[in-house]
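Sequence order for the protein chains is A and B.
All you need for our numbering is the position in the first sequence, starting with 1, plus 974.
All you need for our numbering is the position in the second sequence, starting with 1, plus 974.
There are 2 protein chains.
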Amino acid sequence: MKMERTIDKKLIYKGKIIDLEVLDVELPDGNRSKREIVLHRGASAIIPIDQDGNIVMVRQYRKPVEKELLEIPAGTLEEGEDPLHCAKRELIEEIGYGAKSFEPLVSFYSTPGFTTEKLFLYIARELYKEEGEADFDEFIEVEKVKLEDAFSMVMDGKIEDAKSIIGILLAYQRLKG
Amino acid sequence: MKMERTIDKKLIYKGKIIDLEVLDVELPDGNRSKREIVLHRGASAIIPIDQDGNIVMVRQYRKPVEKELLEIPAGTLEEGEDPLHCAKRELIEEIGYGAKSFEPLVSFYSTPGFTTEKLFLYIARELYKEEGEADFDEFIEVEKVKLEDAFSMVMDGKIEDAKSIIGILLAYQRLKG
Chain A
975 MKMERTIDKK LIYKGKIIDL EVLDVELPDG NRSKREIVLH RGASAIIPID
1025 QDGNIVMVRQ YRKPVEKELL EIPAGTLEEG EDPLHCAKRE LIEEIGYGAK
1075 SFEPLVSFYS TPGFTTEKLF LYIARELYKE EGEADFDEFI EVEKVKLEDA
1125 FSMVMDGKIE DAKSIIGILL AYQRLKG
Chain B
975 MKMERTIDKK LIYKGKIIDL EVLDVELPDG NRSKREIVLH RGASAIIPID
1025 QDGNIVMVRQ YRKPVEKELL EIPAGTLEEG EDPLHCAKRE LIEEIGYGAK
1075 SFEPLVSFYS TPGFTTEKLF LYIARELYKE EGEADFDEFI EVEKVKLEDA
1125 FSMVMDGKIE DAKSIIGILL AYQRLKG
């Protein structure tokens, strides 16, 4: 395997959601290069399907891209947290629903060129209203979208968030394909 | 729209591929919060389909996740570069092919919770061998995978890179669906 050996590592920033490290690495041919790496604990994302065949989605303002995006519910793993536990917690926090069935779909790296972030994706079914504390800080609006309509929105470029595109395409494949 | 107004902005790091800013923002209810934002110029990614129905993929070591991943060809936009130009350039640099047909599929944010990175996805067809300079620095291995097999690999969790999952699912939908 053409791996890159770490020669030196410098912690540039230690934050709440991310840390930043800059590494000096040795390439397979012996040359040196720099790698800028954003450390992230990972996240879980959920495609919650209700009994009418809707995906329960969330609309929220995303400061990095300076606009509101329509996404599937998701959230960052807490230190040492199991991804399934995180999925269950975030589902309640973001949309106020629990689910009797959680099925793992796939896991993937959101952008492996510069960050460690790994996403764990679940389909949640048999939803029920949960009287948990909503995550009010996030100013999230819940929006139900028919699976077929969500699929069309992906094809038309109206869903712009990578994890949501993957979740909708896989759920459509699984449930309608 | 529930936007977040920037109160203060601090540049923590200015790098080659990414910069890091930490912002103080005012939330819609008047409270304050911090936003850690990784600035990225964006990237283009290509699903190159050859005349035998293979996707021409690349295998490369990704230091942030410390392993080799099988991905579709992609690369970062140069300052002010048009995404289509970038797609054409990266296709030659990474796999040594040009293409007579480039069709835009979708564009999306790779992980909008903490980075500005936007990805522009193209299907490239009518490939031809181009005698350009390969991007030798990246130690990339070219690997042809039948579209059906790539689709199965996504469903089996063997493709772990988000943009590649999206590209393969959309190409499969478009060409086989």
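Note that CB positions come from ideal geometry on N, CA and C, so glycine has one too.
Just so it is clear, the structure is predicted and the values come from calculations on it, not from any experiment.
Proximity winner among B:Asp-993, B:Lys-988, B:Pro-1002, relative to Lys-976 (chain B) (alpha-carbon distances):
B:Pro-1002
Is it buried or exposed, Ser-1075 (chain A), if we count other Cβ atoms within 10 angstroms and call 16 or more buried?
exposed
Establish whether the CB of Val-1119 (chain A) and some CB of chain B are separated by less than 7 Å.
Closer than 7 Å: no.
Any C-beta of chain B under 7 Å from that of Ala-1136 (chain A):
yes
Assuming Leu-994 (chain A) and Ile-986 (chain A) form a contact by the criterion Cβ under 8 Å, report the distance between their Cβ atoms to the nearest whole angstrom.
Right, their Cβ atoms sit about 4 Å apart.
Who are the neighbours of Ser-1126 (chain A) on chain B, taking C-beta pairs under 8 Å?
Annotation: Ser-1126 (chain A) has no Cβ neighbours in chain B at a cutoff of 8 Å; minimum Cβ distance is about 12 Å.
Ignore the nearest five residues each way along the sequence and tell me which others in Met-1127 (chain A)'s own chain have a CB closer than 6 Å to its CB.
Ile-1133
Whole angstroms are fine: how far does the CA of Ser-1081 (chain A) sit from the CA of Tyr-1071 (chain B)?
30 Å
By DSSP's criteria, Glu-1077 (chain A) is part of a beta bridge. Which residues make up the other side?
DSSP output for Glu-1077 (chain A) lists A:Ile-1097 as bridge partner(s).
Secondary structure of Gly-1141 (chain A), DSSP reduced to three states:
helix
Determine contact between the segment 1036 to 1054 of chain B and the segment 1135 to 1142 of chain B, defined as no fewer than three beta-carbon pairs at a distance below 8 Å.
yes
Using a 10 Å radius around the Cβ and a threshold of 16 neighbouring Cβ atoms, would you call Asp-1111 (chain A) buried or exposed?
With a pLDDT of 48 at Asp-1111 (chain A), under the threshold of 50, the predicted position of this residue should be treated as unreliable, though the coordinate-derived value follows. Looking at its Cβ environment, which holds fewer than 16 other Cβ atoms inside 10 Å, Asp-1111 (chain A) is exposed.
As assigned by DSSP and simplified to three states, the class of Gln-1025 (chain B)
Note: Gln-1025 (chain B) maps to coil in three-state DSSP.
Bridge partners of Tyr-1146 (chain A), per DSSP?
None; Tyr-1146 (chain A) has no bridge partner.
Ile-1020 (chain A) and Tyr-1096 (chain A) - do their beta-carbons sit closer together than 7 Å?
yes
If you reduce the DSSP assignment to three classes, tell me which class Asp-1123 (chain A) lands in.
Looking at Asp-1123 (chain A) - three-state DSSP - the assignment turns out to be helix.
Helix, strand or coil for Leu-1214 (chain A) per DSSP?
The displayed coordinates of chain A run from 975 to 1151. Any statement about residue 1214 (chain A) would go beyond what the structure contains.
Does the CB of Gly-1016 (chain A) have a neighbour CB from chain B at under 7 Å?
Gly-1016 (chain A) does not count as touching chain B.
Secondary structure at Met-977 (chain A), three-state DSSP: helix, strand or coil?
DSSP places Met-977 (chain A) in coil when its eight states are reduced to three.
Run down chain A in chain order and give the residues with a C-beta less than 7 Å from the C-beta of Glu-978 (chain B).
Tyr-1035, Lys-1037
List the residues of chain B whose Cβ lies closer than 7 Å to the Cβ of Glu-1091 (chain A), in chain order.
Thr-1085
Residues within the segment 1054 to 1082 of chain B neighbouring chain A, beta-carbon criterion of under 8 Å:
Val-1080, Ser-1081, Phe-1082
With a threshold of 7 Å between beta-carbons, can Phe-1094 (chain A) be considered close to chain B, or not?
no
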